[in-house]
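Below is one structure; the comments refer to it alone.
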């Protein structure tokens, strides 16, 4: 099971993946990992899940059955035993990354280098359909600056900027424990910890004509002095809410805002601002997200209802079924997306 079987489908139409293809793809991924991956082999022997029964019906029904079969991965186990989630003798190009660690100790996960050949077409198609960056930068060059931890984040934003023919300054930052510092000591304390980032950001902004920013909401304050030059701002993380949008409109009136939802095992998902709310849509077939409620068993919530955010991350190099420590609202398809998304995620 390798990327060659799915890359042609994604490259052809990354936002048009059918439900039938997604269901069949998910089954093949589960079968592959049950045979080749140490963690999932143990799970398959213990639980003996009936894949014929699980992979019948709609994606929503399949999603519910996966969780009701008890296939969720415990967060602490995943963090302590990440090597068990790599298929044995996997022939791809594996790199291990760390999560940002803003909430708790960093987790370690892995990507195959070919995953970017799935993620980038999804991001380009979604961003261009929704925000028209392909037109915005057709007559002049994108010149970007990005803040973030090293790892997948750097790879992803580099490929995205290069795909527009742009140039990128990547300014790495130490992110471990930042959410706790922000909550307990405020933004000034965070900026003191990020002093090198602040200094190098200003150095770049004073010397080059940067017009595109990728950063966290709180760090947009670093660009206030240059607000007239910033054409596009991509933002994700704690603080992407309506109050933040009001601040951006008041301070960066001419800037196009693109909300993203990031997670270390799948990268960024593209969001839409609709009717006062932020909605995000995952990159089918490799990332499936629904909010769940637990009653007699797990069920996907109705549209407009909140539940616990749940992931199925299903790629040749990694399979993770997981409940997150946050809630979100289930939202219907919108814009170029043909599948349900999730809105207003909150811890």
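Numbering (our numbering), first residue to last: 1360 to 1706. Using N, Cα and C, we set each Cβ at its ideal position, and we do this for glycine too. Nothing here was measured: the structure is a model prediction, and the numbers come from that model.
Span of the beta strand (DSSP E), counted from its first residue to its last, around residue i
| i | result |
| --- | --- |
| residue 1409 | Premise fails: residue 1409 is in no beta strand (DSSP E) and is neither H nor E. |
| residue 1659 | 1657–1659 |
| residue 1367 | From DSSP, residue 1367 is part of no beta strand (DSSP E) but of the alpha helix (DSSP H) over 1366–1371. |
Residue i classed as buried or exposed, judged by whether at least 16 other C-beta atoms fall within 10 angstroms
| i | result |
| --- | --- |
| residue 1374 | buried |
| residue 1502 | buried |
| residue 1548 | exposed |
| residue 1666 | buried |
| residue 1485 | buried |
| residue 1684 | exposed |
| residue 1562 | exposed |
| residue 1566 | exposed |
| residue 1669 | buried |
| residue 1642 | buried |
| residue 1455 | exposed |
| residue 1601 | exposed |
| residue 1581 | buried |
| residue 1688 | buried |
| residue 1440 | exposed |
| residue 1673 | buried |
| residue 1676 | buried |
| residue 1619 | buried |
| residue 1568 | exposed |
| residue 1362 | buried |
| residue 1542 | exposed |
| residue 1515 | buried |
| residue 1595 | buried |
| residue 1404 | exposed |
| residue 1442 | exposed |
| residue 1651 | buried |
| residue 1573 | buried |
| residue 1555 | exposed |
| residue 1700 | buried |
| residue 1546 | exposed |
| residue 1315 | Outside the displayed span of the chain (1360 to 1706) sits residue 1315, for which this structure offers no information. |
| residue 1584 | exposed |
| residue 1496 | buried |
| residue 1446 | buried |
Delimiting residues of the alpha helix (DSSP H) encompassing residue i
| i | result |
| --- | --- |
| residue 1521 | 1511–1522 |
| residue 1564 | 1554–1566 |
| residue 1377 | It is not in any alpha helix (DSSP H) - residue 1377 carries neither H nor E in the DSSP assignment. |
| residue 1578 | Note, residue 1578: premise wrong, no alpha helix (DSSP H); not H, not E. |
| residue 1476 | 1475–1490 |
One or two residues paired with residue i in a DSSP bridge
| i | result |
| --- | --- |
| residue 1469 | 1455 |
| residue 1503 | 1527 and 1571 |
| residue 1705 | 1686 |
Distance between beta carbons of residue j and residue i, contact taken as under 8 Å
| i | j | result |
| --- | --- | --- |
| residue 1422 | residue 1386 | Between residue 1386 and residue 1422 the Cβ distance is about 13 Å, and since that is not below 8 Å, they are no contact. |
| residue 1476 | residue 1366 | 5 Å |
| residue 1695 | residue 1489 | 7 Å |
| residue 1466 | residue 1640 | In fact, because the Cβ distance is near 24 Å, the residues do not count as touching under 8 Å. |
| residue 1528 | residue 1504 | 4 Å |
| residue 1550 | residue 1557 | 6 Å |
| residue 1482 | residue 1627 | 7 Å |
| residue 1678 | residue 1388 | 6 Å |
| residue 1591 | residue 1492 | 7 Å |
| residue 1398 | residue 1444 | 5 Å |
| residue 1671 | residue 1647 | 4 Å |
| residue 1498 | residue 1571 | Residue 1498 to residue 1571, Cβ: 15 Å. No contact. |
Test: residue i CB closer than 7 Å to a CB of chain D
| i | result |
| --- | --- |
| residue 1643 | Among the chains of the structure shown, chain D does not appear; only one protein chain is present. |
Give the list of continuous alpha helix (DSSP H) stretches no shorter than 4 residues that lie fully inside the segment 1382–1434.
1397–1406, 1410–1413 and 1418–1427
Sequence ranges, beta strand (DSSP E) only - wholly within the segment 1630–1703, length at least 3:
1636–1640, 1646–1653, 1657–1659, 1665–1674 and 1677–1690
Contiguous alpha helix (DSSP H) assignments of at least 4 residues, all confined to the segment 1586–1627
1601–1610
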